[in-house]
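Numbering (the working numbering), first residue to last: 630 to 942.
Glycine residues also receive a C-beta, built at the ideal position from the N, C-alpha and C atoms.
Single-structure report; data block below.
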Ligand SMILES: [Ca+2]
Ligand SMILES: [Ca+2]
């Protein structure tokens, strides 16, 4: 019995939950302004905002709900890979990091002390509170896995980026259907960025940041997430297929990816393209729409590309 008891203790230790602090049980109505979203969060019966103590990553609860993925038919700048728009049901709530993964958080995990940063002259892009960039898809995936987390599926990402639990018509840009009017919504390619390079296609205001901004400086979306639009684009878990929406639009509901899910390998030595979302501080401005999709080779490292983690419930 003594040996059995010892084994039970070891097993229990191995399964011990990570130290997590509850930041807020109830959604803050000043942040989550839609009462339907607040009700959906309460229905999950889990705290709205929590913090992982080992890394400092703060998560907010993304409730189940219904939304659209893809561009509206009348969106004049939508690319073919954003269509056809389809209706999804997020069937299972999950936690998503409130911000992009920062350098401080990145370095808090063993084995991730050092990091190569793309030289951008005198511009600082690797301060503790700036989003980590220059990370490959494998880097981002492994970093998440070490803490028991994962990258989002791009449908989950877009559902989360829209910040709504209903099926009302989504807007093309986070702030509306017109390109202008986005001041305060995120660190986007703007007049500050155009000082780096004449002729860049930018939005017509100055958000104060030419390159990456410290995370969380701009307004939260309907779920309380920050910087989903702009700052750095964000790796998603799944393979990028420009024609995927034709098939996905025929599925009923959003399939939440199980832990450890891996896409089938690419066929016939095709490149291993992975999806990235949300636009960044760098042009084009049209990438700062929730429906915009990037497909990058998985080994790509860019000063415009980072990630955020999902923690399953
Ligand atoms: Ca900017
Ligand atoms: Ca972002």
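Q) In its own chain, which residues sit with a C-beta less than 6 Å from the C-beta of residue 663, not counting the 5 before and 5 after it? A) These residues qualify, in order along the chain: 851.
Q) For residue 856 versus residue 847, is the C-beta distance shorter than 8 Å? A) Their beta carbons are under 8 Å apart, which means residue 856 touches residue 847 by this criterion.
Q) Relative to ligand 4, is the shortest distance from any of its heavy atoms to the C-beta of residue 732 smaller than 7 Å? A) You won't find ligand 4 in this model; what it holds is ligand 1 and ligand 2.
Q) The alpha helix (DSSP H) spanning residue 716 covers which residue range? A) Careful: residue 716 lies outside any alpha helix (DSSP H), inside the beta strand (DSSP E) at 715-719.
Q: Tell me whether residue 820 sits in a helix, a strand or coil according to DSSP, three-state version.
A: Three-state DSSP puts residue 820 in a helix.
Q) Buried or exposed: where does residue 828 fall if 16 or more other Cβ atoms within 10 Å of its Cβ makes it buried? A) The residue is exposed, with fewer than 16 neighbouring Cβ atoms inside 10 Å.
Q. By Cβ distance below 6 Å, which residues in the same chain neighbour residue 895 in space, the five residues on each side in sequence not counted?
A. Within the same chain, residue 895 has close Cβ partners 901.
Q) Would you call the region 786-801 and the region 645-658 in contact, with 3 or more CB pairs under 8 Å? A) Taking a contact to require three or more Cβ pairs closer than 8 Å, the region 786-801 and the region 645-658 do not qualify as touching.
**Q.** Straight-line gap, residue 955 to residue 839 (C-alpha atoms, nearest Å)
**A.** Because residue 955 is not part of the residues shown, which for the chain are 630 to 942, the question remains open.
(Q) Given this structure, state the Cα-to-Cα distance separating residue 766 from residue 868, to the nearest angstrom. (A) One alpha carbon belongs to residue 766, the other to residue 868, and they sit about 11 Å apart.
Q | residue 885 - DSSP class collapsed to helix/strand/coil | A | Below a pLDDT of 50, predicted positions are generally treated as unreliable, and residue 885, at 49, falls in that range; no measurement from the model is reported.
Q) For residue 853, which residues of its own chain have a beta-carbon under 6 Å away from its beta-carbon, when the five flanking residues on both sides are left out? A) The answer, listed in chain order, is 660, 661, 689.
**Q.** Outcome for residue 830 when other beta-carbon atoms lying within 10 angstroms are tallied against a minimum of 16
**A.** Answer is exposed; the Cβ neighbour count stays below 16.
Q: Would you mind giving the Cβ-Cβ distance between residue 707 and residue 676, rounded to the nearest angstrom? I have them listed as a contact below 8 Å.
A: Not confirmed; about 37 Å, so no contact.
Q) To which residues of the same chain is residue 917 closer than 6 Å at the C-beta, ignoring the five residues directly before and after it? A) Correct list, in chain order: 817, 858, 859, 908.
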